[in-house]
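Student:
Residue numbers (my numbering): 77 to 505.
#1: For residue 502, name the three-state secondary structure that DSSP assigns.
#2: Following the continuous alpha helix (DSSP H) through residue 390, name the residue where it begins and the one where it ends.
#3: Contact between the stretch 215 to 233 and the stretch 195 to 204 is defined here as three or more beta-carbon pairs at a separation below 8 Å; is this criterion met?
#4: Does the Cβ of residue 433 have 16 or more other Cβ atoms within 10 Å, making it buried, or fewer, making it exposed?
#5: According to DSSP, is residue 475 helix, strand or coil?
#6: Please determine if the stretch 122 to 134 and the stretch 446 to 457 are in contact, where contact requires at least 3 C-beta pairs separated by less than 8 Å.
#7: So, under 8 Å CB-CB, residue 504 and residue 474 are touching, yes? Tell me the CB distance rounded to an integer number of Å.
#8: Since residue 215 and residue 185 are thought to touch, with beta carbons under 8 Å apart, how far apart are those beta carbons, to the nearest angstrom?
#9: Alpha carbon to alpha carbon, how far is residue 106 from residue 496? Give it in angstroms, no decimals.
#10: Count the other CB atoms, across all protein chains shown, that sit within 10 Å of the CB of residue 267; report buried if there are 16 or more and exposed otherwise.
#11: Would you mind giving the Cβ-Cβ distance between residue 135 and residue 388, rounded to the nearest angstrom? I have them listed as a contact below 8 Å.
#12: Smallest Cα separation from residue 284: which of 338, 409, 162, 217?
#13: Can you list, in chain order, the residues of its chain whose CB lies under 6 Å from that of residue 274, leaving out five sequence neighbours each side?
#14: Any heavy atom of the ligand ADP closer than 6 Å to the Cβ of residue 317?
#15: With distances taken from CA atoms, which of 108, 95, 182, 324 is nearest residue 118?
#16: Alpha carbon to alpha carbon, what distance is there between residue 199 and residue 93?
#17: What would DSSP say about residue 395, mapped onto helix, strand or coil?
#18: Let me know the alpha helix (DSSP H) ranges lying completely inside the stretch 90 to 178, each 4 residues or longer, listed in chain order.
#19: Using 10 angstroms around the beta-carbon of residue 382, count the other beta-carbons present and answer buried if the total reaches 16, otherwise exposed.
#20: Look up residue 497 in the DSSP assignment and say whether it is helix, strand or coil.
#21: Out of 370, 477, 396, point me to the one whose CA is closest to residue 431's CA.
#22: Return the chain-ordered list of same chain residues with a C-beta closer than 8 Å to the C-beta of residue 160, the five sequence neighbours on each side being excluded.
#23: Nearest to residue 315 by CA position, among 109, 219, 422, is which residue?
#24: Could you tell me the alpha carbon to alpha carbon distance between residue 212 and residue 400, rounded to whole angstroms?
Written as structure tokens, this is what we have:
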């Protein structure tokens with residue numbers, strides 16, 4: 077990504093620190109992504125206009141999509157009416173009441189994940205979180221599959237999730253990945269997952285959950301129902317989206333606790349309190365501030381939003397701030413930058429869960445967007461909060477995790493913002 081004009085040495089290599097220096101102080105600035113011109117927005121008020129106030133005048137942008145192998149027929153459809161149709165189809169399986177029903181399954185998977193680790197044996201945390209999130213997604217959203225079928229799908233979904241997490245989005249790295257064997261490996265991993273799902277379409281086991289809803293959906297006037305191939309694509313999209321984001325956030329959460337023992341102690345105390353009281357904490361609900369564990373997760377998502385960059389495209393001529401944009405213009409913003417705005421978050425790079433004692437996420441404030449906002453915001457937000465809470469609790473109650481001697485963690489801004497590699501040593505509490 078580079079500002080216009082390009083530097084004398086060619087396109088500027090992506091770095092978060094450089095991104096902050098180049099774009100800070102500019103509400104809207106023209107940039108270039110893989111040779112495509114785009115307008116980069118850093119003003120939360122203007123991002124709110126793009127996503128919510130004038131949301132109908134912006135469609136889904138194509139930048140950063142070329143590296144993804146996901147469905148475009150259902151929830152990711154360009155057409156807003158079609159998107160809303162499939163959003164309503166998914167909602168019964170992701171709303172608050174359904175999440176409560178999913179809690180026992182989430183807890184079982186979380187306990188099994190923690191129980192599989194051994195004292196002093198290195199754990200690839202991201203791989204473990206991919207497997208856990210894959211199991212939760214399949215056993216809750218695709219209820220009704222046999223245990224054997226579910227196990228096969230879980231293993232393949234975990235493989236696909238890691239391929240997607242670590243895939244570069246743009247620039248030279250993405251071009252190299254498309255030319256190299258990694259692209260063929262990713263395509264094969266997705267094809268294998270689709271084949272496993274396709275094998276379930278005619279099975280009597282596929283009579284419950286989201287897969288059954290896709291299969292029985294008659295479509296809407298003027299739009300035919302999804303074909304069998306499109307059902308498979310939509311299922312892959314939902315499952316991978318549910319897996320990759322959770323795996324990335326949980327990896328950052330466990331790493332962060334290892335770096336902040338005092339915060340870890342507070343999380344443990346809060347988990348013990350909520351378990352004894354049977355409490356359930358949710359963002360934006362209740363009259364008091366969120367509990368410490370939820371504040372901790374909110375701060376993890378502030379500093380490490382999995383969907384770190386987003387693109388929209390103008391559907392008509394619009395005015396954004398002092399810019400007149402023609403129809404078809406790419407408009408970008410970064411949750412990473414919005415979440416580190418010093419005007420909203422004093423000392424923005426410091427990890428401080430207690431900043432959420434006074435700050436409150438709001439639908440009218442686009443400075444905190446871990447799940448997006450507006451008509452295309454994440455349909456599974458309630459599901460994700462509960463899943464993160466349960467996974468975190470199961471792991472940290474059993475294990476204290478540390479980096480191996482000499483271990484160092486770096487952020488990788490790929491399809492999600494994730495640790496480049498995260499090997500950790502578990503020690504029992």
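Yeah, the Cβ is synthetic: ideal placement off N, Cα and C, and Gly gets one too.
Tutor: For this structure:
#1: Locating residue 502 in the chain shown gives position 426, counting from the first residue. Looking at residue 502 - three-state DSSP - the assignment turns out to be strand.
#2: By one-based count along the chain shown, residue 390 stands at place 314. Note, residue 390: premise wrong, no alpha helix (DSSP H); beta strand (DSSP E) at 386 to 390.
#3: no
#4: For the purposes of this step, residue 433 is identified with residue 357 of the chain shown, where counting begins at 1. Exposed, since its Cβ has fewer than 16 Cβ neighbours within 10 Å.
#5: Position 399 of the chain shown, counted from the start, is the residue given in the question as residue 475. Three-state DSSP puts residue 475 in a strand.
#6: yes
#7: Counted from its first residue, the chain shown places residue 504 at position 428. Counted from its first residue, the chain shown places residue 474 at position 398. Yes, they are in contact, since the Cβ atoms of residue 504 and residue 474 sit about 7 Å apart, within 8 Å.
#8: Here residue 215 refers to the residue found at position 139 when the chain shown is read from its first residue. Here residue 185 refers to the residue found at position 109 when the chain shown is read from its first residue. Going by Cβ atoms, the distance from residue 215 to residue 185 rounds to 7 Å, so yes, they are a contact pair.
#9: Position 420 of the chain shown, counted from the first residue, corresponds to residue 496. Position 30 of the chain shown, counted from the first residue, corresponds to residue 106. Roughly 29 Å separates the two Cα atoms.
#10: Here residue 267 refers to the residue found at position 191 of the chain shown. The residue in question, residue 267, is exposed, as its Cβ has fewer than 16 Cβ neighbours within 10 Å.
#11: Taking the chain shown and counting its residues from 1, the one referred to as residue 135 is at position 59. Taking the chain shown and counting its residues from 1, the one referred to as residue 388 is at position 312. 7 Å between Cβ atoms; contact.
#12: Working through the chain shown from its first residue, we reach residue 284 at position 208. Closest option to residue 284, Cα to Cα, is 217.
#13: In the chain shown, residue 274 corresponds to position 198, counting from 1. Result list for residue 274: 308, in chain order.
#14: The ligand ADP is not part of this structure, which contains no ligands at all.
#15: Start at 1 with the first residue of the chain shown, and residue 118 comes out as number 42. Of the listed residues, the one whose Cα sits closest to residue 118 is 95.
#16: As a working mapping, residue 93 is identified with position 17 in the chain shown. As a working mapping, residue 199 is identified with position 123 in the chain shown. Those two C-alpha atoms are separated by around 30 Å.
#17: Here the question's residue 395 lines up with position 319 in the chain shown. If DSSP states are grouped into helix, strand and coil, residue 395 belongs with the strands.
#18: 92 to 99, 120 to 124, 156 to 166
#19: Here residue 382 refers to the residue found at position 306 of the chain shown. Label assigned to residue 382: buried.
#20: For this step, residue 497 is matched to residue 421 along the chain shown. Three-state result, residue 497: coil.
#21: Counted from its first residue, the chain shown places residue 431 at position 355. Residue 370 is the option with its Cα nearest to residue 431.
#22: The sequence position of residue 160 within the chain shown is 84, counting from 1. Only 451 meet the Cβ criterion.
#23: One-based indexing of the chain shown puts residue 315 at position 239. Residue 315 has its Cα closest to that of 219, out of 109, 219, 422.
#24: By 1-based counting over the chain shown, the position of residue 212 is 136. By 1-based counting over the chain shown, the position of residue 400 is 324. Taking the straight line joining both Cα atoms gives about 45 Å.
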